[in-house]
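Reading through the structure tokens given below for one structure.
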Amino acid sequence: MSDKNKQRRGFREGLTALTGAMEMPMEAFSRNAKIELLSNREATVDGCRGVLEYSGEQIRLNIGHITVQFSGRNLELRSLNEHEAIITGFIVTIDFG
Amino acid sequence: MLILWLYRRILGYVRFTANGGFSERFLNLCARGGITVFGARRTSDGLCACCMARDYKKLRPAKRKTGVKLRVCGRCGLPFFTRRYRGRIGFAAGFLLCSALVWFLSLHIWSIEIHGNTRVSSNEITGVLRELGFEEGVISSKVDVATLRQQFLLKMPQLSWAAVNIEGCRAVVDVREALSPPDSEGETIPMNIKAARDGRIISMDVLNGTAAAYPGDAVIKGDLLISGSIQYKTGQTGYVHAKGTVTAETERSFTVAKSYVQQVTTRTGKTHTRRVFTFLNLKIPLYLGSIKVPVEREIAEHSVVIGGVNLPVNLTTAIFYETQTQAVTFDEVAVTAQAREEISEWEEYELDGAEVVSREEIVESTEKGVKITIKTICRENIAVEELILTNGGV
């Protein structure tokens, strides 16, 4: 394991310990993306870093260290800004890569 | 979502197509540039999306970098709407005038509702409120509700409580009626009982006081029947409120004379309709000229009520029936019937509560008409209270 990865892992563990001690939710300090689903009709991706692929059947988003792929029918990017993307349509699968 | 929808429409947004090039990269550059893109849909050769009108020019750097071709396909929202009609002064003036009218009307009270009254009529309450300057059309901010309420209660002793609630252009006056206590004060006032009319006493029922007449006595109007003055065993004299009933046999007579030739007013069949349109406190006559012939009038008012609220719009319709007065000759039977009808009205009113012992009707026919005289002997209560004036006043 490289020094950089060790440093990152240490930082994450420290952050987990800190949030546990302060009884605060992890997402308050984490930079991980948060995905909210409203049934299979709407997905709100908080922490979206960009759109990698976009079509009516498939939308792939960059959410930091991984990507998330929404597959389905009539998919639409209802809103996209610097931090958030809202996807509507008939979502069939969600894949992480 | 409604707020967002409203926000976008007020500030205005643009729908555009981005064809060719790298549309995903274009979206990313837009997002990184702080431009919110919404309603993005994939099309066959690119995408179709929306952005706020003020952000459209900021799309140029992203467009240049990704090689997409941007084309506006729709503009929505208030800025574009006002721009489209900027040359139409009348439209703007009408809008301003309408806004000013709505604002002006909202300052006034246009409907006053009275709640909670059963014995006191709404018209009476409205009349008192009008005297105090509170009526339809008054400026609501100038109404001092607390003072109005106090003055209103002072002017209406029949009410025990009142509240004036102003809700926009509508005022609700909520009242509670007072329950009057039994008049015990009147019982202490010294009173005599005197005869209300001439007659012969049949029976007496003295509840308080000293009897001054006895059954079988003939009395004339004003004679003392029951005295309020009583003599105690100690020799002192006291005054009380005399009470009792005195039934006497009285004589009543009434004469009606009707002539064969009478002036009768009839409608000719011709009518004139006059309408007055009332808006706010402004009465606008919807007619010209005046009527100079004798008429009988019937008035009908039509108010506009929406959701139980009276609007300050009213149409008053008055129908004027032309009349003519002419001499009509009736036969003896008709004239007698007229006279009897008048007599029955008199009996109904005058002999109310009296027991008729005997009734005699004398009909006299002359050349000019018919004269009917009614003579009745009744049994009735002739007692009437009269105040005893003492040195100390009452």
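As you go down the protein sequences, you meet chains A and B in turn. For the first sequence, position 13 (counting from the first letter as 1) is numbered 13 according to the working numbering, and the numbering increases by one without interruption. For the second sequence, position 301 (counting from the first letter as 1) is numbered 1301 according to the working numbering, and the numbering increases by one without interruption. Cβ coordinates follow ideal geometry from the N, Cα and C atoms, glycine included.
Worksheet item: Along the chain, where does the beta strand (DSSP E) that runs through Cys1169/B open and close?
Response: For Cys1169/B, no beta strand (DSSP E) run applies, since DSSP gives it neither H nor E.
Discussion item. Could you tell me the alpha carbon to alpha carbon distance between Ser1303/B and Val1313/B, rounded to whole angstroms?
Written reply: 6 Å
Discussion item. At a CB distance below 7 Å, what residues from the segment 54-67 of chain A approach chain B? Give them in sequence order.
Written reply: Tyr54, Ser55 and Gly56
Item to complete: For Phe1091/B, I'd like the list of residues in its chain whose CB is within less than 8 Å of its CB, leaving aside the five on either flank, ordered along the chain.
Response: Tyr1085
Item to complete: Following the continuous beta strand (DSSP E) through Glu1136/B, name the residue where it begins and the one where it ends.
Response: Counting along the chain, Glu1136/B falls outside any beta strand (DSSP E), and DSSP gives it neither H nor E.
Item to complete: Report the residues of the segment 14-25 of chain A with a CB closer than 7 Å to any CB of chain B, ordered along the chain.
Response: none
Discussion item. Suppose only complete runs of 4+ residues qualify. What are the alpha helix (DSSP H) ranges in the segment 1145-1231 of chain B, listed by chain order?
Written reply: 1145-1155
Item to complete: Run down chain A in chain order and give the residues with a C-beta less than 7 Å from the C-beta of Val1037/B.
Response: What Val1037/B touches in chain A: Leu80.
Worksheet item: If you count every other CB in all the chains shown that lies within 10 Å of the CB of Tyr1232/B, and 16 or more means buried, which is it?
Response: exposed
Worksheet item: Counting Cβ pairs closer than 8 Å, one from the segment 1192-1209 of chain B and one from the segment 1240-1256 of chain B, do we hit at least three?
Response: yes
Discussion item. Closer than 8 Å to a non-hydrogen atom of the ligand NAP - does that hold for the CB of Tyr1321/B?
Written reply: Absent from the structure shown: the ligand NAP. Ligands present: none.
Fill in: Of the listed residues Gly1137/B, Glu1136/B and Ala1162/B, nearest to Thr1147/B (C-alpha basis)
By alpha-carbon distance to Thr1147/B, the top candidate from Gly1137/B, Glu1136/B and Ala1162/B is Ala1162/B.
Discussion item. For Ala1178/B and Arg1119/B, I'd like the C-alpha separation in whole angstroms.
Written reply: If I take the Cα positions, the gap works out to 10 Å.
Worksheet item: So what does DSSP say about Thr1245/B, is it helix, strand or coil?
Response: Residue state, collapsed to three classes: strand.
Worksheet item: Could you check where the beta strand (DSSP E) with Phe96/A kicks off and where it finishes?
Response: Glu84 to Phe96
Worksheet item: In whole angstroms, what separates the C-alpha of Val1145/B from that of Leu1311/B?
Response: 22 Å
Fill in: Arg1275/B and Ile1291/B closer than 9 Å at C-beta
No, these two residues do not count as a Cβ contact at 9 Å.
Discussion item. At the 9 Å Cβ level, is Gly97/A part of the contact set with chain B, yes or no?
Written reply: no
Practice prompt. Please list the residues of the segment 1029-1062 of chain B that have a C-beta atom closer than 8 Å to any C-beta atom in chain A, keeping them in chain order.
Written response: Taking 8 Å as the Cβ-Cβ cut-off, the segment 1029-1062 of chain B approaches chain A at Cys1030, Ala1031, Arg1032, Gly1034, Ile1035, Thr1036, Val1037, Phe1038, Gly1039, Ala1040, Arg1041, Arg1042, Leu1047 and Ala1049, given in chain order.
Worksheet entry | C-alpha distance - Ile91/A paired with Ser39/A, whole-angstrom precision | 9 Å
Practice prompt. Using the Cα positions of Ile1166/B and Arg1015/B, report the straight-line distance between them to the nearest angstrom.
Written response: 47 Å
Discussion item. Would you call the segment 1347-1360 of chain B in contact with the segment 1293-1302 of chain B, where contact means no fewer than 3 C-beta pairs closer than 8 Å?
Written reply: no
Discussion item. With distance defined between alpha-carbon atoms, name the residue in Gly1269/B, Ile1284/B and Ala1171/B nearest to His1108/B.
Written reply: Ala1171/B
Worksheet item: In chain A, which residues lie with their C-beta within 8 Å of the C-beta of Ser1160/B?
Response: By Cβ distance, chain A contributes nothing, its closest Cβ being about 59 Å from Ser1160/B, past 8 Å.
Item to complete: Starting from Glu76/A, find everything on chain B with Cβ-Cβ shorter than 7 Å and list it in chain order.
Response: Ala1040 and Arg1041
Discussion item. Does chain B have any CB closer than 9 Å to the CB of Leu38/A?
Written reply: no
Fill in: Interface residues of chain A facing Leu1011/B [CB-CB closer than 7 Å]
Contact note: Leu1011/B does not reach chain A at a C-beta cutoff of 7 Å; the least C-beta distance is about 15 Å.
Worksheet entry | Rounded distance between the beta-carbons of Leu37/A and Ile59/A, thought under 8 Å | With 8 Å as the limit, Ile59/A and Leu37/A do not qualify as a contact, their Cβ atoms being about 14 Å apart.
Discussion item. Quick check on DSSP: helix, strand or coil for Ser1121/B?
Written reply: coil
Discussion item. Can you tell me whether Tyr1056/B is helix, strand or coil according to DSSP?
Written reply: helix
Fill in: Inter-residue CB distance, Ile1343/B and Ile1372/B (contact presumed, cutoff 8 Å)
6 Å
Worksheet item: Which chain B residues sit within Cβ distance under 7 Å of Val106/A?
Response: The structure shown does not extend to residue 106/A, since chain A is modelled only from 1 through 97, so no value can be given for it.
Worksheet item: According to DSSP, is Ala1093/B helix, strand or coil?
Response: helix
Fill in: Gln1338/B vs Thr1265/B beta-carbon contact at 9 Å
No, they are not a contact pair.
Worksheet item: Since Ala1300/B sits in a beta bridge, which residues does DSSP pair it with?
Response: Thr1317/B
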